[in-house]
Each structure stands twice: as structure tokens, then as C-alpha cells.
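**Q** Following this message is one structure expressed as C-alpha cells.
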Amino acid sequence: MIVGLIVACEAGFWVLLAAGLAVRYLLRLRRTSVALLLCEPLLEVVLFVVTAIDLRNGAEPSWEHGLAALYIGFTVAYGRYTIRWLDGHAAHRLAGGPPPPKPPRFGMPRAAHEGRLWLRTLLAAAVACALLQGAIWFVGVGDTSSLRAFQWVALRAVGIHGLIALTYVLRPKRAPVTQGRSDG
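First residue of the sequence shown: 54, per this note's numbering; consecutive thereafter.
Okay, here's the thing in C-alpha cells:
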């Protein structure tokens, strides 16, 4: 049941996002679009409440509960970023706005960009680990090893992403060298 709800929340996220952007740029109803986009966090609240009720009703903690915590953490950390990114593209494509800025590709500006993304991953893991720890305390007695395993999954994701971000600092990608042409 929890996996189905996670899938429904993910689908709901994209449906609300598409509807919000379509209402904003095609129908020009900005307030309605804001209302639609503000409904998105409710999906995570529903997932959180249903997961808590499932555990309270005696469900054995499993990977589904861990996945729900990771999903909520990811959405908290990356949801607004994703919405803003897609809003920029929708404004450009549907409303004739300027093209959205692309992330830097080279040097320390790219390293800083990767560092900011890593901080989002760190936030996602912190939220997920806090939710999982709360679930462990909530369940109390019993086998909570699957929840602990998902805490380690979140921490490994932070470590792997951190190593990737660090490579941009230690060995920044250089801009290609353009050779000047002589027209003489």
C-alpha cells in the first residue's frame, strides 16, 4: 500500500506541477496556479500521515516505510528547486520569457553549483534520517533494521554525492581552449 501511495504522490506532484504551470502560462491565472503549486506539499503530508498510521496499526517496519522517508526528504530538498527550474522553462516556452540560465559548466563556478546541489542532498538525507529515527522511536519494540538500513542508504547517498561534488573542487573542469583564426 505504501509503495502505491509513493507512486501516487509522485504522479500527483507532476500532475499538480503541470496543471499549475499550464494555468499560469496558458490561462494566465497566476493566483490559481499558485494555489495549485501550494497543494504539492500536501502530498508529502498525506504520505507521512498514512505511513505513520500504517506503523501505528502494527505494520512491520519495512523497506516501503524507508522509501517513503527518502521520498519525503528528496521532495523537501529538491521540490522547490525542481518547480523553479521547470517554471523558468515554461515561462520561456509558453510565455516568451528569456531562456532560463544554465548552470555553470566550468571551473569554480561549476564547483560551487555542485556544492549547492550537495547541500540539497544533505538536507534530503537529514530529513529522511530524522523521519526514519522518529519511526524507529514510534514503533518502539520490534525489528526496525529495515528503517536503520534506509538511514544508511541516505548517508551513503550524501557521501557519494559529496565525493562527486568534491571532484569539481579538486579537479575543476576547464573551458575548452578556442584557437583564434587569422583572416589575413
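We treat Cβ as the ideally placed atom computed from N, Cα and C, and that holds for glycine.
How many angstroms separate the CA atom of GLU117 from the CA atom of GLU93?
**A** Position 64 of the sequence shown, counting from 1, holds the residue named residue 117. Position 40 of the sequence shown, counting from 1, holds the residue named residue 93. Their Cα atoms are separated by approximately 21 Å.
**Q** Taking the alpha carbon of GLY212 as the point to measure from, which residue in GLY168, ARG224, THR231 has its own alpha carbon closest?
**A** Taking the first residue of the sequence shown as 1, we reach residue 212 at position 159. Out of GLY168, ARG224, THR231, GLY168 has the C-alpha closest to the C-alpha of GLY212.
**Q** Going straight from the alpha carbon of GLY237 to that of PRO229, what length do you get?
**A** On the sequence shown, position 184 is the one that residue 237 refers to. On the sequence shown, position 176 is the one that residue 229 refers to. With a pLDDT of 47 at GLY237, under the threshold of 50, the predicted position of this residue should be treated as unreliable, and no value is reported.
**Q** Give me, in chain order, the residues of the same chain whose beta-carbon lies closer than 7 Å to that of HIS145; leave out the 5 immediate sequence neighbours on both sides.
**A** Counted from its first residue, the sequence shown places residue 145 at position 92. So the list reads PRO151, PRO152, PRO153, once near-sequence residues are dropped.
**Q** Could you check whether LEU82 and ALA143 sit closer than 8 Å to each other, using their CB atoms as the reference points?
**A** Indexing the sequence shown from 1 puts residue 143 at position 90. Indexing the sequence shown from 1 puts residue 82 at position 29. Taking 8 Å as the Cβ cut-off, ALA143 and LEU82 do not qualify as a contacting pair.
**Q** Taking its Cβ as the centre, do 16 or more other Cβ atoms sit within 10 Å of TYR134, making it buried, or is it exposed?
**A** Taking the sequence shown and counting its residues from 1, the one referred to as residue 134 is at position 81. With fewer than 16 Cβ atoms within 10 Å of its Cβ, TYR134 is classed as exposed.
**Q** With H, G and I counted as helix, E and B as strand and the rest as coil, what does DSSP make of GLY237?
**A** Looking up residue 237 in the sequence shown gives position 184. Here the model assigns GLY237 a pLDDT of 47, short of 50, so the residue's position is not dependable and the matter cannot be decided.
**Q** Would you mind reading off the limits of the alpha helix (DSSP H) that contains PRO229?
**A** Position 176 of the sequence shown, counting from 1, holds the residue named residue 229. Note, PRO229: premise wrong, no alpha helix (DSSP H); not H, not E.
**Q** SER199 and SER86 - do their beta-carbons sit closer together than 8 Å?
**A** Residue mapping note: residue 86 aligns to position 33 of the sequence shown, counting from 1. Residue mapping note: residue 199 aligns to position 146 of the sequence shown, counting from 1. Cβ atoms of SER86 and SER199: not closer than 8 Å.
**Q** What does a CB cutoff of less than 8 Å around ALA165 pick up in its chain, not counting 5 residues either side in sequence?
**A** In the sequence shown, counting from the first residue as 1, residue 165 sits at position 112. PRO157.
**Q** Please go through the region 101-185 and give each complete alpha helix (DSSP H) segment of 4 or more residues, from N-terminal end onward.
**A** 116-148
**Q** Check the C-beta distance from ILE244 over to LEU184 and give it rounded, since I have them as a contact under 8 Å.
**A** This structure cannot speak to residue 244, because the chain is shown only from 54 to 237.
**Q** Can you tell me whether GLY149 is buried or exposed? The criterion is at least 16 other CB atoms within 10 Å of its CB, across all chains shown.
**A** As a first step, residue 149 must be located in the sequence shown, where it is residue number 96. So GLY149 ends up on the exposed side.
**Q** Alpha helix (DSSP H) containing CYS62: first to last residue?
**A** Here residue 62 is taken as the residue at index 9 of the sequence shown, counted from 1. That run of the alpha helix (DSSP H) goes 55-78.
**Q** From which residue to which residue does the alpha helix (DSSP H) around LEU89 run?
**A** Taking the first residue of the sequence shown as position 1, residue 89 is located at position 36. From DSSP, the alpha helix (DSSP H) with LEU89 extends over 83-91.
**Q** On the criterion of 16 or more Cβ atoms from any shown chain inside 10 Å, does LEU91 qualify as buried, or is it exposed?
**A** On the sequence shown, position 38 is the one that residue 91 refers to. It is exposed - the Cβ of LEU91 has fewer than 16 other Cβ atoms within 10 Å.
**Q** Between VAL222 and LEU80, what straight-line distance do the alpha-carbon atoms span, to the nearest angstrom?
**A** As a working mapping, residue 222 is identified with position 169 in the sequence shown. As a working mapping, residue 80 is identified with position 27 in the sequence shown. About 44 Å.
**Q** Answer with buried or exposed for ILE33, where buried requires no fewer than 16 other C-beta atoms within 10 angstroms of its C-beta.
**A** The shown model of the chain, from 54 to 237, leaves out residue 33, and the question about it has no answer.
**Q** Please classify VAL56 as buried or exposed, where buried requires at least 16 other C-beta atoms within 10 Å of its C-beta.
**A** The residue given as residue 56 occupies position 3 in the sequence shown. By the 10 Å Cβ count, VAL56 comes out exposed.
**Q** May I have the straight-line CA-CA distance separating LYS155 from LEU170, to the nearest angstrom?
**A** The residue given as residue 155 occupies position 102 in the sequence shown. The residue given as residue 170 occupies position 117 in the sequence shown. In this model, LYS155 and LEU170 are separated by some 14 Å (Cα to Cα).
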